[in-house]
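Notes for the one structure printed next.
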Amino acid sequence: MLYPYNEKIPKIHDTVFVAPGARIIGDVNIGKESSVWFNSVLRGDEAPIRIGERCNIQDNSTCHLYEDYPLILEDEVSVGHNVILHGCTIRKGALIGMGATILDGAEIGESSFIGANTLIPPGKKIPPKTMVMGSPGKVVRELTDKDLELIELTIETYQKKGQEFLKQLGRP
Numbered sequence: 383m384l385y386p387y388n389e390k391i392p393k394i395h396d397t398v399f400v401a402p403g404a405r406i407i408g409d410v411n412i413g414k415e416s417s418v419w420f421n422s423v424l425r426g427d428e429a430p431i432r433i434g435e436r437c438n439i440q441d442n443s444t445c446h447l448y449e450d451y452p453l454i455l456e457d458e459v460s461v462g463h464n465v466i467l468h469g470c471t472i473r474k475g476a477l478i479g480m481g482a483t484i485l486d487g488a489e490i491g492e493s494s495f496i497g498a499n500t501l502i503p504p505g506k507k508i509p510p511k512t513m514v515m516g517s518p519g520k521v522v523r524e525l526t527d528k529d530l531e532l533i534e535l536t537i538e539t540y541q542k543k544g545q546e547f548l549k550q551l552g553r554p
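The opening residue of the sequence shown carries number 383 in this note's numbering; numbering runs sequentially from there.
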């Protein structure tokens, strides 16, 4: 469901799949062929949330922010189940594992992988093409070509799945 907040109305492209139970509130903009899955919340009440093209936000994830820290997901970002994104920037092609938490002012580099249940503390900068694990998150290694292929496959799979759901609902 889409909810306005302080005269800000969510803007989502016609090709975005929003699953039943998902809530999108206020100053939120979602690019084409993205998906927001069951019971996820995107709450742009204090600053903007910008979601790029071909992104997916999985079940029960929460996206929120403070005025000083907008939430930005560049294109082709895949967010796992039960993730908390709070006022951070996620660069193109990153994969955020289930249960991860990324906090205010943190920045995840392009094509990086954040492992399940990893905590990225406020202000932490993660280099591109790295694997990060733990609490607090630490770079454990650079990603291999095989790792990068698996990230691309995940992004493609959920983009296609979202588009299939739209077709079932009778939307283009």
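Even glycine gets a Cβ: it sits at the ideal position worked out from N, Cα and C.
- With a cutoff of 8 angstroms on beta-carbon distance, residue 521 and residue 503 are scored as not near each other.
- Straight across, the Cα-Cα distance linking residue 529 with residue 414 is about 25 angstroms.
- Between the stretch 422-429 and the stretch 523-537, the count of Cβ pairs shorter than 8 angstroms is below three; the stretches do not touch.
- For residue 412 and residue 442, the gap between their C-alpha atoms comes out near 17 angstroms.
- Secondary structure of residue 526 (DSSP, three-state): coil.
- DSSP, reduced to helix, strand and coil, places residue 435 outside both helices and strands of the structure shown, so it counts as coil.
- Residue pairing by DSSP leaves residue 505 without any beta bridge partner.
- DSSP places residue 420 in the coil class of the three-state scheme, outside both helix and strand.
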